[in-house]
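A.B. asks:
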Amino acid sequence: MNKLTLATLLTLSCLAVTAQVDYTNDSLRIVNAEWSIDTLEGFYLKRYHFGVGTLFCSAQHLSIIEIPAKSHRRLAFVCDSTTATVSDMAQRERALAAVNGTFFDMGRGNPVCYLRIDGNRVGENTPQKDDSVNRKYYQYAVITLGEEPAPHLWVPDSSRTWEDSLSGSNVMTAGPMLVHDGQEVPQRDDRTFVTHRHNRTALGIRSDSTILILVADGRHKDKAEGLSLPELTRIMLWLGCTDAINLDGGSSTTMYVHDKPHNGVVNYPSGNGRYDHEGQQPVSNAILVL
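Per the numbering used here, the very first residue in the sequence shown carries number 3; after that it's consecutive.
Right under this line is the structure:
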């Protein structure tokens, strides 16, 4: 008889409980993980690798930027007229950290969600194929940046022009909303965008105004398999977020931190198909930590 490897045993165990899922162990793994923590200028970088079968019966690699409520750091949006990598945008703007922002047209390079930067509208909510009035599924959450260090997260109505009613100079639409007022936001179960595992980027806020920016790597079998939106939602709740929003993901997912190796890329972008730090894909916009 062939000996079963630990990975095989974990997989069989996961299959056995599929019909009756209990996420207690997963929540404990997140809360009790011995995160690698770098204390930086006004924020923390936290990273942890969950081995095969250990988180949601899968391998995961998570990176988190945590900005304490009393930090003097603030967020900003940036958008290029074409596309550029997150690290290039961050270095050009002299940011201490950055992640990819909202969704964009990979062919044309323009945002496909509402985006206002320093009072200038640079992105619109593109219409659905047969519906020019209502917004798309990934346009149902909005971030605004104001005088307070922490952003505000909003749930818009279905109108594509809802953001026109918002004052303020910096507005970014993405989505969907994952957590609102401390409660999980139900997601549709008929879209692979929701139910399948992908690289993910999310932004959340705790009740004390601490900001969390999370990146989950994906598309790397047995190393970093990515998250479904319900899985991403649970992690943001377990990390203490009272509000959280999903940002662009997939091959766009990138986290940059100034002065770190690999040109500042601290996660494992999947654009080159390898589990390394070289797979950045050009994006149209980013969220900066200044």
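Where is the CB? At the ideal position from N, CA and C, for every residue including glycine. For clarity, every value in this text was computed on a predicted model and none was experimentally measured.
In this structure, does DSSP put D28 in helix, strand or coil?
C.D. replies: helix
A.B. asks: Unbroken alpha helix (DSSP H) runs of length 4 or more, entirely within the stretch 198-256: which are they?
C.D. replies: 231-240
A.B. asks: What's the C-alpha gap between S83 and M91?
C.D. replies: When rounded, the distance between both Cα atoms is 12 Å.
A.B. asks: Residue ranges of each alpha helix (DSSP H) run of no fewer than 4 residues wholly in the stretch 36-106, ordered along the chain?
C.D. replies: 88-94
A.B. asks: By Cβ distance, which residues of its chain are closer than 7 Å to E68, with the 5 residues on each side in sequence left out?
C.D. replies: F45, Y46, K48, T212 and L214
A.B. asks: Would T146 pass as a contact of G170 if the rule is Cβ separation under 8 Å?
C.D. replies: For the 8 Å CB-CB criterion, T146 and G170 form a contact.
A.B. asks: In three-state terms, what does DSSP make of V187?
C.D. replies: Residue state, collapsed to three classes: coil.
A.B. asks: Are the CB atoms of A226 and A61 nearer to each other than 8 Å?
C.D. replies: yes
A.B. asks: Can Y140 and P178 be called in contact, C-beta distance under 8 Å?
C.D. replies: yes
A.B. asks: Going straight from the alpha carbon of R2 to that of S286, what length do you get?
C.D. replies: Residue 2 falls outside the range modelled here, since the chain spans only 3 to 292, and no answer is possible.
A.B. asks: Under a Cβ-count criterion, where at least 16 other Cβ atoms within 10 Å of its own Cβ denotes burial, should D224 be classed as buried or exposed?
C.D. replies: It is exposed - the Cβ of D224 has fewer than 16 other Cβ atoms within 10 Å.
A.B. asks: With the cut-off set at 8 Å, would you say A218 and L249 are in Cβ contact?
C.D. replies: No, they are not a contact pair.
A.B. asks: Under 8 Å between the Cβ atoms of M174 and T104?
C.D. replies: yes
A.B. asks: Assign A9 to one of three DSSP states: helix, strand, or coil.
C.D. replies: Any reading at A9 must be qualified, since the residue scores a pLDDT of 49, below 50, and its modelled position is unreliable; the value itself is stated next. In this structure, A9 counts as helix in the three-state DSSP scheme.
A.B. asks: Find the nearest neighbour of S210 within the set Y270, A97, E95 and H154, judged by alpha-carbon distance.
C.D. replies: Looking at the sequence itself, residue 210 is Asp, so the reference to Ser does not match. Among Y270, A97, E95 and H154, the Cα nearest to that of D210 is on H154.
A.B. asks: Closest to I32 by C-alpha separation, out of I289, V135 and W240, would be which residue?
C.D. replies: W240
A.B. asks: Note down, in chain order, each residue of its chain lying with its Cβ closer than 6 Å to the Cβ of N136, except the 5 sequence neighbours on either side.
C.D. replies: S160
A.B. asks: Helix, strand or coil: how does DSSP classify Y258 here?
C.D. replies: Strand.
A.B. asks: Among Y277, A97, A78 and E150, which has the Cα closest to the Cα of G266?
C.D. replies: A97
A.B. asks: Quick check on this structure: which residue in I119, C115 and H260 has the alpha carbon closest to the alpha carbon of E126?
C.D. replies: Of the listed residues, the one whose Cα sits closest to E126 is C115.
A.B. asks: Have a look at the DSSP bridge pairing and note the partners of W368.
C.D. replies: Residue 368 falls outside the range modelled here, since the chain spans only 3 to 292, and no answer is possible.
A.B. asks: CB-CB under 6 Å to P271, same chain, minus the five flanking residues each way: which ones, in chain order?
C.D. replies: T256, G281 and Q282
A.B. asks: Nearest CA to the CA of L290: which residue from Y277, V259, I207 and P263?
C.D. replies: Measuring from the Cα of L290, the nearest candidate turns out to be V259.
A.B. asks: Can you give the beta carbon distance from I247 to L168, rounded, assuming they're within the 8 Å contact cut?
C.D. replies: At roughly 15 Å, the Cβ-Cβ gap does not stay under 8 Å, so I247 and L168 are not in contact.
A.B. asks: Does Q189 pass the burial test, meaning 16 or more other C-beta atoms within 10 Å, or should it be called exposed?
C.D. replies: Per the 10 Å Cβ criterion, buried.
A.B. asks: What did DSSP end up calling T128 once you bin it into helix, strand or coil?
C.D. replies: coil
A.B. asks: Should P129 and V144 be called a contact, given that it needs their Cβ atoms to be closer than 8 Å?
C.D. replies: no
A.B. asks: One question on the structure: do F58 and E233 come within less than 8 Å of each other, judged by their Cβ atoms?
C.D. replies: yes
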